[in-house]
Amino acid sequence: TLASITYQNFFLLYPKLSGMTGTAKTEEAELDKIYALEVTCVPTHRPMQRKDYSDLIYKNQYAKWKSIADECLDMHTLGRPVLIGTTSVEKSELLSSLLKEYGVPHNLLNAKPENIKREAEIIAQAGRKGAVTIATNMAGRGTDILLGGNSNYMAKTSLEFLLKEEGSDSLLVKDDPQLKSLHLFLLNKIKSYSLDKEELETKIAIACEKGFTDDSFTITLRAAYQILIEKYTSLIKKEQKEVIGFRGLHVIGTERHESRRVDNQLRGRAGRQ
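Using our numbering, you'd call the opening residue of the sequence shown number 18 and step up by one each time.
Encoded structure:
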């Protein structure tokens, strides 16, 4: 290393500084002292409906983790989506093993490579009915969790699946005549093109965006994507109403983080506007 610099000194090299975040108020004194920046709170568009509860303190670790697992089971049985925040990978895996014993299906969102690969998928499904998601403070904090699920992501995932030969064996295709015919149409279309995996992924990515394209196969994929969007949008709207009826996303903080900002970020996953 030839040279190093702290973030604070690096930012001070700029003649003007500004920023926007949902958790700056707790660091107001630091921002004033180091950067001479004033913190202004922008009021919410609608009155806050999130209900915050006081901390619970347990006599020992066993009682605490058992209580968390019990609450996850209750919420999952009800159908209310749950997000549990942990402070380390080890603690997220401890809770995961407890939930496995309880028979509660769940997703892990932590810094492990196998989980990072599925981060977008996990976040897209975290607001679905009965979903249980365990997250460390290292991953997934800056993403909205949509109640009922994310129709764009679900449509893209289904499109990728319909382009595979084994897609015909899925219940999704077998139970839906429209998807069955779409699957066969796409398989016939793709045979006309010699695409490797990377090229196909690129075309799918472009098809799922709104930018201009004159590529005939990408246009076909975009039309298929729109059909899937319509299907999932109606499904998600129905599920969203149910989840709102259960009072939305239930967030559990397993312990206080070193920074209050991280606690506020976790709270802020619910009651978003």
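Where a beta carbon is used, it is the ideal one built from N, C-alpha and C, also for glycine.
When secondary structure is reduced to three states using DSSP, Asn-281 falls in the helix class. Rounded to whole angstroms, the gap between the alpha carbons of Gly-102 and Thr-250 is 29 Å. In this structure Arg-97 is in contact with Arg-264, their Cβ atoms being roughly 7 Å apart against a cut-off of 8 Å. Between Arg-289 and Asp-69, the CB-CB gap reaches or exceeds 8 Å. Here the alpha carbon of Glu-182 sits roughly 31 Å from the alpha carbon of Lys-129. Contact between Leu-73 and Ser-175 is ruled out by a C-beta separation of about 41 Å, above the 8 Å threshold.
Of the residues Arg-277, Asn-205 and Glu-118, the one whose Cα lies closest to the Cα of Asp-87 is Glu-118. Counting only residues of its own chain and dropping the five nearest sequence neighbours on each side, Gly-147 has a CB closer than 6 Å to the CB of His-93 and Gly-96. With contact defined as three or more Cβ pairs closer than 8 Å, the region 214-228 and the region 137-145 are not in contact. Counting every other CB atom within 10 Å of its CB across the protein chains shown gives Gly-262 a total below 16, marking it as exposed. The beta carbon of Lys-42 sits closer than 7 Å to those of Val-56 and Cys-58, all from its chain and outside the five residues before and after it, given in chain order. For Ile-151 against Leu-125, the beta-carbon gap comes to about 5 Å, under 8 Å, which counts as contact. Selection Asp-232, Leu-34, Ala-137 and Tyr-24 evaluated against Leu-54 yields Leu-34 as nearest (Cα-Cα). Between Thr-153 and His-200, the alpha-carbon positions lie close to 38 Å from each other.
Proximity of the region 233-243 to the region 203-221 meets the contact definition, three or more beta-carbon pairs being nearer than 8 Å.
Comparing alpha-carbon positions, the option among Leu-29, Ser-198 and Tyr-242 lying closest to Lys-173 turns out to be Tyr-242. For Ala-152, the three-state secondary structure derived from DSSP is strand.
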